[in-house]
Structure formats: structure tokens, C-alpha cells
Amino acid sequence: MKPFFLLPIFIFSLMSCQAQIPDKEGQIAAAVQAAPPEKQEGATVYGFDEDGNKVLLREGTNEQICIADDPNKEGFSVACYHKDLQPFMQRGDELRAEGKRPDAIFQIREEEAKSGKLKMPENPTTLHVLSGKEGKYNVETGKVENANLRYVVYIPFATAESTGLPIRPLVPGGAWIMDPGTHRAHIMITPPND
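Residue 27 is where the sequence shown starts when you use the working numbering, and the numbers rise one by one after that.
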């Protein structure tokens with residue numbers, strides 16, 4: 027018996043394993059929900075094409091840049107951040123595309139930020155993340171469901187001493203500083219889940 031009859035089954039299996047990419051409008055509608063409501067309409071939005079490549083979906087008119095959910099990653103996560111974080115974010119994308127591991131990406135950006143090659147924000151700059159393991163965008167309601175917001179306020183090279191913040195949350199959802207003293211120093215604020 028020839029194994030040729032298995033070929034269509036194999037091809038169908040590959041196709042069904044590939045993540046479904048939502049349409050452009052759906053990606054934009056879901057992504058901007060991470061931004062403050064008054065900033066959503068004018069935000070720049072990046073999403074994903076049919077091949078899973080990150081692409082510009084909409085040029086914005088304000089300082090917010092939003093990223094749609096990556097269909098090739100588990101769970102749901104969209105994010106919006108101030109345009110001053112774009113060099114930092116873009117450099118991370120470039121290094122990941124080169125196959126660099128997270129620890130190498132951190133080290134390279136740290137060195138580049140210290141040398142001035144990588145421009146980091148001069149003022150505290152916020153990243154809003156809307157995510158959830160079971161999160162999804164409901165096309166009928168136009169809302170993201172089963173996801174919660176967290177806030178990441180980047181303050182490059184800040185420390186616990188310079189901010190007065192603890193290095194871990196002291197209460198559920200309490201603000202704390204992560205990666206203190208580095209280019210990636212940031213205040214974490216993770217409100218408790220609903």
C-alpha cells in the first residue's frame with residue numbers, strides 16, 4: 027500500500043495548525059483597547075500579515091503605538107506605548123529577528139543605551155498591556171474579553187533609591203520597580219484580576 031493517501035491528511039494538518047490571522051480591522055480594534063480610551067482613535071497600529079510578519083496596519087495621529095495580538099503566540103496580548111519607546115521596541119524586534127535570546131537582547135540594548143547608540147526616553151514613558159491566557163477579541167461586541175490591563179512605566183536607569191519604590195509588590199497590584207539601575211528599569215503596576 028502506498029503512503030500517498032496520507033499526503034492530503036498531512037497538508038490539512040499543517041494548515042489547521044497554522045494560526046488564523048484576524049482581518050486588519052479586527053486587529054486594529056483589538057490592539058487599541060490597551061490604550062487609554064481618548065488615545066485609541068489616533069493610535070498607530072502594527073499587526074500581522076497572512077505570513078505572520080509584523081506590518082503597519084494604520085498610521086496614527088497621536089503619540090500612541092499599538093501592537094496587535096501575535097497569533098503565533100499562546101494566549102492573548104496587545105500593547106500600546108508612547109512613541110518615545112519605539113527605538114527600544116524596534117531594536118528588540120531586530121535582535122529577535124536575528125535569533126538573539128532574551129538575555130543577549132537585554133545585554134546588547136543595555137550597552138547600546140549606555141553608549142547613546144540606542145535612544146531611550148528622557149521622561150517616564152508608559153506601556154499599557156492588555157493580556158490574558160484565555161483572552162480574545164469578540165467580533166460581535168467589539169470588546170476584548172478575559173484580559174486584564176497592566177502598566178509598565180519605563181524610567182531608564184532609575185533605582186529603588188531614586189524612586190522610593192520597593193523591588194517587589196508589597197500588596198496585590200502594588201507598584202514596584204523592576205530591572206532597577208538598567209536601561210530597562212520600569213515601574214510595574216498590575217491591578218488584581220477582576
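Glycine included, C-beta positions come from ideal geometry on N, C-alpha and C. Here the structure is a predicted model, which is why all the values come from computation and not from measurement.
Answer with buried or exposed for Val-165, where buried requires no fewer than 16 other C-beta atoms within 10 angstroms of its C-beta.
Residue 165 sits at position 139 when you count from the first residue of the sequence shown. Counting other Cβ atoms within 10 Å of its Cβ, Val-165 stays below 16 and is therefore classed as exposed.
On the three-pair Cβ rule with 8 Å, is the stretch 104 to 119 touching the stretch 82 to 93?
By the C-beta criterion, the stretch 104 to 119 is judged to be in contact with the stretch 82 to 93, since at least 3 inter-stretch pairs fall below 8 Å.
Looking at C-beta atoms only, is the number of pairs between the stretch 176 to 183 and the stretch 115 to 133 that lie closer than 8 Å three or more?
At 8 Å Cβ cutoff, the stretches do not touch.
Quick check on DSSP: helix, strand or coil for Thr-87?
Reading the sequence shown from its first residue, position 61 is the one you call residue 87. Looking at Thr-87 - three-state DSSP - the assignment turns out to be coil, as it is neither helix nor strand.
Within the stretch 146 to 202, ranges of the alpha helix (DSSP H) (whole runs, at least 4 residues):
Runs of the alpha helix (DSSP H) spanning 4 or more residues and lying entirely within the stretch 146 to 202 occur at 186 to 189, in chain order.
What does a CB cutoff of less than 6 Å around Pro-150 pick up in its chain, not counting 5 residues either side in sequence?
Mapped onto the sequence shown, residue 150 falls at position 124. Excluding positions up to five away in sequence, the list reads Val-179, Ile-181.
Which residues bound the alpha helix (DSSP H) around Ala-130?
For this step, residue 130 is matched to residue 104 along the sequence shown. Segment 128 to 141, the alpha helix (DSSP H) holding Ala-130.
Taking C-beta to C-beta, are Gly-73 and Ala-55 nearer than 8 Å?
In the sequence shown, counting from the first residue as 1, residue 73 sits at position 47. In the sequence shown, counting from the first residue as 1, residue 55 sits at position 29. No, they are not a contact pair.
Let me know the secondary structure DSSP gives Ile-35 once reduced to three states.
Counting from 1 along the sequence shown, the entry for residue 35 is found at position 9. Low confidence applies to Ile-35: its pLDDT is 44, below 50, so where it sits in the model is not reliable, and the reading given next is rough at best. Note: Ile-35 maps to helix in three-state DSSP.
Can you check whether the CB of Ala-201 is closer than 8 Å to the CB of Ile-18?
Only positions 27 to 220 of the chain appear in this structure, which leaves residue 18 out of reach.
From the DSSP secondary-structure annotation, give me the bridge partner or partners of Val-71.
Here the question's residue 71 lines up with position 45 in the sequence shown. Answer is Arg-84, Cys-92.
So, Leu-82 versus Gln-53, is the Cβ gap smaller than 8 Å?
As a first step, residue 82 is located in the sequence shown; it is residue number 56 there, counting from the start. As a first step, residue 53 is located in the sequence shown; it is residue number 27 there, counting from the start. Leu-82 is not a Cβ neighbour of Gln-53, given a cutoff of 8 Å.
Asp-75 versus Pro-48 - alpha carbon distance:
Indexing the sequence shown from 1 puts residue 75 at position 49. Indexing the sequence shown from 1 puts residue 48 at position 22. Across the structure, Asp-75 and Pro-48 are spaced so that their CA atoms are roughly 9 Å apart.
Alpha helix (DSSP H) containing Ile-54: first to last residue?
Along the sequence shown, one-based indexing puts residue 54 at 28. Going by DSSP, Ile-54 is part of the alpha helix (DSSP H) stretching over 50 to 57.
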